[in-house]
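Student:
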Amino acid sequence: MKYKILFPAGYNIDNTQNDNLDINIVLENNDVYFATLFTLKNISYLMEKDSVDYFFADSMVVVSSLDMNTIERIIKEVVENQYLESTFSRIGTIKEIFDTDRSFDDLYNNLKVI
Numbered sequence: 007m008k009y010k011i012l013f014p015a016g017y018n019i020d021n022t023q024n025d026n027l028d029i030n031i032v033l034e035n036n037d038v039y040f041a042t043l044f045t046l047k048n049i050s051y052l053m054e055k056d057s058v059d060y061f062f063a064d065s066m067v068v069v070s071s072l073d074m075n076t077i078e079r080i081i082k083e084v085v086e087n088q089y090l091e092s093t094f095s096r097i098g099t100i101k102e103i104f105d106t107d108r109s110f111d112d113l114y115n116n117l118k119v120i
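Heads up, my numbering is the position in the sequence shown plus 6, with the first residue counted as 1.
#1: How would you call Leu12, buried or exposed, if buried means at least 16 neighbouring beta carbons within 10 angstroms?
#2: Tell me whether Lys118 is buried or exposed, calling it buried when 16 or more other Cβ atoms sit within 10 Å of its Cβ.
#3: Give the C-beta separation of Thr76 and Val85 to the nearest angstrom, bearing in mind that I take them to be a contact with Cβ-Cβ under 8 Å.
#4: Do you know how far the Cα of Asp107 is from the Cα of Ala19?
#5: According to DSSP, simplified to helix, strand and coil, what is Lys10?
#6: If we ignore side chains and look at the alpha-carbon of each, how far apart do Ser50 and Tyr17 end up?
#7: So the candidates are Ser109, Ser95 and Phe94; which of them puts its Cα closest to the Cα of Lys101?
#8: Using 10 angstroms around the beta-carbon of Lys82, count the other beta-carbons present and answer buried if the total reaches 16, otherwise exposed.
#9: Over what stretch of residues does the beta strand (DSSP E) that includes Asn26 continue unbroken?
#10: What is the DSSP secondary structure of Asp56, reduced to helix, strand or coil?
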């Protein structure tokens with residue numbers, strides 16, 4: 007199945023080993039899924055910063071790095087292994103989320119179309 011990878015707030019990563027990133031996966035059937043990618047170092051940093059012994063986030067996926075190659079590889083595996091519905095949250099359709107009548111083919115892709 008074809009999909010597109012979008013970053014709702016853009017890709018503004020200073021440290022690929024210590025950050026988090028919101029991501030949308032758009033399928034060719036027009037469904038849109040959401041998750042936040044976190045690195046382990048970022049989780050540790052956030053716990054330390056907030057002086058807490060726990061961490062959680064809705065639709066959280068822990069990754070080794072936030073570099074583009076790693077993100078692309080992870081998303082490909084998630085989609086191909088049919089883990090999308092268990093790791094990401096379905097948030098709506100292209101029309102509902104982006105308030106547009108554009109189709110899958112018309113959406114800009116932050117990475118390449120797979």
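No residue lacks a Cβ here, since even glycine has one placed at the ideal position from N, Cα and C.
All of these numbers come straight from a predicted model, not from anything done at the bench.
Tutor: Walking through what the data contain:
#1: buried
#2: Low confidence applies here, because Lys118 scores a pLDDT of 46, under 50, leaving its location unreliable; read the following figure in that light. So Lys118 ends up on the exposed side.
#3: Actually they do not touch by this definition, with Cβ atoms about 15 Å apart.
#4: Before going further, note that residue 19 is Ile rather than Ala in the sequence given. Answer to the nearest angstrom: the Cα atoms are 31 Å apart.
#5: Note: Lys10 maps to strand in three-state DSSP.
#6: Taking the straight line from one Cα to the other gives about 21 Å.
#7: Ser109
#8: Answer is exposed; the Cβ neighbour count stays below 16.
#9: First-last of the beta strand (DSSP E) with Asn26: Asn26 to Leu33.
#10: helix
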